[in-house]
Amino acid sequence: MTVTDPATLTRPAVAVKVPNLKVEQPRVGLNAADIVICQPNGDSATRLCPIFHSQYPDAVGPVRSIRPADVALLSPIFPVFANTGAADWVMNYVKANSEHLERMTYLDYRGTAAYSVDKSRLYKANGKTQYDRAIQAHPEEIVDDEASVVAPWLRP
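For reference, each letter of the sequence shown is one residue, going 116 to 271 in our numbering.
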């Protein structure tokens with residue numbers, strides 16, 4: 116692959132956790148990924164983790180929760196990781212082991228340009244509005260919102 120803009124080499128990779136269930140399709144943004152990792156989800160389902168570096172799509176989604184395995188899987192590439200959070204014990208584990216993983220969790224950044232909600236994908240279950248199919252991440256905005264994020268090989 117030829118690099119036409121050297122600035123591309125200095126920006127971080129952005130990883131986004133995305134579901135792989137038929138009921139949560141269509142997914143957006145995956146075709147722009149440099150790599151898509153397919154991970155077991157603890158049962159018969161899988162989740163995808165597209166990683167973007169050479170180009171950032173306008174939107175990626177729907178965005179889903181982080182898993183403990185994401186730390187070991189993603190740390191070698193030092194990505195900014197878009198996700199919707201997780202159970203407290205998972206977030207505590209990730210925080211304790213994430214010196215090479217910049218978390219950009221939806222709940223911490225909602226209301227910013229880093230994430231949006233596709234209202235056409237909201238649905239009701241047990242009388243409550245469900246967002247699991249509607250949250251989208253915006254990689255370019257995620258990197259812009261975290262001004263301190265730079266490619267790891269450029270860090271002091």
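All C-beta atoms, glycine included, are put in the ideal place defined by N, C-alpha and C.
Bridge partners for residue i per DSSP, in chain order?
{"i": "Ser231", "result": "Gln251"}
{"i": "Thr199", "result": "Per DSSP, none; premise fails for Thr199."}
{"i": "Lys243", "result": "Ala240"}
{"i": "Ile152", "result": "Cys164"}
{"i": "Arg182", "result": "In the DSSP output, where bridge partners are listed per residue, Arg182 has none listed."}
So the candidates are the options; which of them puts its Cα closest to the Cα of residue i?
{"i": "Pro183", "options": "Ala202, Ala240, Pro165", "result": "Ala202"}
{"i": "Lys137", "options": "Arg162, Val129, Gly226", "result": "Arg162"}
{"i": "Tyr238", "options": "Ser190, Ala174, Tyr230, Arg248", "result": "Arg248"}
{"i": "Asn207", "options": "Tyr221, Ile181, Leu188, Phe193", "result": "Ile181"}
According to DSSP, simplified to helix, strand and coil, what is residue i?
{"i": "Tyr171", "result": "coil"}
{"i": "Ile192", "result": "helix"}
{"i": "Pro141", "result": "coil"}
{"i": "Trp268", "result": "Residue confidence is low: Trp268 scores 49 on pLDDT, short of 50, so the model does not pin down where it sits. Its coordinate-derived value is still stated next. Trp268 falls in the helix class under three-state DSSP."}
{"i": "Ala128", "result": "coil"}
State the Cα-Cα distance for the pair residue i and residue j, rounded to the nearest angstrom.
{"i": "Pro177", "j": "Lys243", "result": "18 Å"}
{"i": "Ala197", "j": "Met219", "result": "5 Å"}
{"i": "Ala240", "j": "Ala229", "result": "26 Å"}
{"i": "Gln140", "j": "Glu214", "result": "33 Å"}
{"i": "Ile250", "j": "Pro121", "result": "31 Å"}
{"i": "His253", "j": "Gly200", "result": "16 Å"}
{"i": "Leu222", "j": "Cys164", "result": "19 Å"}
{"i": "Leu216", "j": "Ser235", "result": "31 Å"}
{"i": "Asp233", "j": "Ala187", "result": "31 Å"}
On the criterion of 16 or more Cβ atoms from any shown chain inside 10 Å, does residue i qualify as buried, or is it exposed?
{"i": "Gln170", "result": "exposed"}
{"i": "Lys210", "result": "exposed"}
{"i": "Ile150", "result": "exposed"}
{"i": "Val118", "result": "exposed"}
{"i": "Lys132", "result": "buried"}
{"i": "Leu189", "result": "buried"}
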